[in-house]
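Novice: Let me give you the structure first, and then I'll get to my questions.
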Amino acid sequence: MWKQIILLILVISSAHGREKKLVEIINDLGPNIELKYHCKSKNDDLGQRVLPYNGSWYFTFRPNLLGNTLFYCQFSWGQISHWFNIYEDSRDRMRCHDCLWYIRGNGPCTLNVCSQKFDLCFQWNS
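According to mature numbering (1 follows the signal peptide of the UniProt record, and there is no 0), the residues represented by the sequence shown are -17 to -1, 1 to 109, in order.
Put into structure tokens, the structure is as follows:
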């Protein structure tokens, strides 16, 4: 009996906790600046790619049940290189379903629900 109850709880929580998420990256570095990037998680390597100015790329995934899903990206242009946690479950799980990031020289920016602008900016991890 207890096994069935636990199984039911796991099924219900997995249905809610595993909604598919979308992360989109937009190159907002400026005209004629290509953005090179390489995104991955502990389990998935999404490969190296290049985005032209104003170009975008996205990926989808289902967060894990443990609530610790993390995707990080290495970004570079010219001689500059930075990395950033592009999806961090503790920060993004409730904040966004479609997580859009404008990559700018001073750091990635995402939608600020109060201003409805992409002015919620973060510092690079490195």
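Note that CB positions come from ideal geometry on N, CA and C, so glycine has one too.
Our contact map puts L5 next to T43 with C-beta atoms below 8 Å; I'd like the distance itself, whole angstroms only.
Specialist: Mapped onto the sequence shown, residue 5 falls at position 22. Mapped onto the sequence shown, residue 43 falls at position 60. With a Cβ gap of about 5 Å, L5 and T43 count as contacting.
Novice: In terms of alpha-carbon separation, which member of N89, Q99, H80 lies closest to K3?
Specialist: Walking along the sequence shown from the start, residue 3 turns up at place 20. Out of N89, Q99, H80, H80 has the C-alpha closest to the C-alpha of K3.
Novice: Taking only three categories from DSSP, how would you classify R74?
Specialist: Stepping through the sequence shown from its first residue, residue 74 is reached at position 91. Correct three-state label for R74: helix.
Novice: N37 and I86: beta carbons closer than 8 Å?
Specialist: Reading the sequence shown from its first residue, position 54 is the one you call residue 37. Reading the sequence shown from its first residue, position 103 is the one you call residue 86. No. Outside cutoff.
Novice: Please go through the same chain and pick out, in chain order, the residues whose beta-carbon is closer than 8 Å to the beta-carbon of D102, but skip the five residues on each side of it.
Specialist: Here residue 102 corresponds to residue number 119 of the sequence shown, with the count starting at 1. Cβ within range, chain order: C92, N95.
Novice: State the start and end residues of the unbroken beta strand (DSSP E) segment that holds D28.
Specialist: The residue you call residue 28 lines up with position 45 of the sequence shown. That run of the beta strand (DSSP E) goes 28 to 34.
Novice: With which residues is N10 paired in a DSSP beta bridge?
Specialist: As a first step, residue 10 is located in the sequence shown; it is residue number 27 there, counting from the start. Its beta-bridge partners are I86.
Novice: By DSSP, does W60 sit in helix, in strand, or in coil?
Specialist: Against the sequence shown, residue 60 aligns to sequence position 77. Here W60 sits in strand by DSSP.
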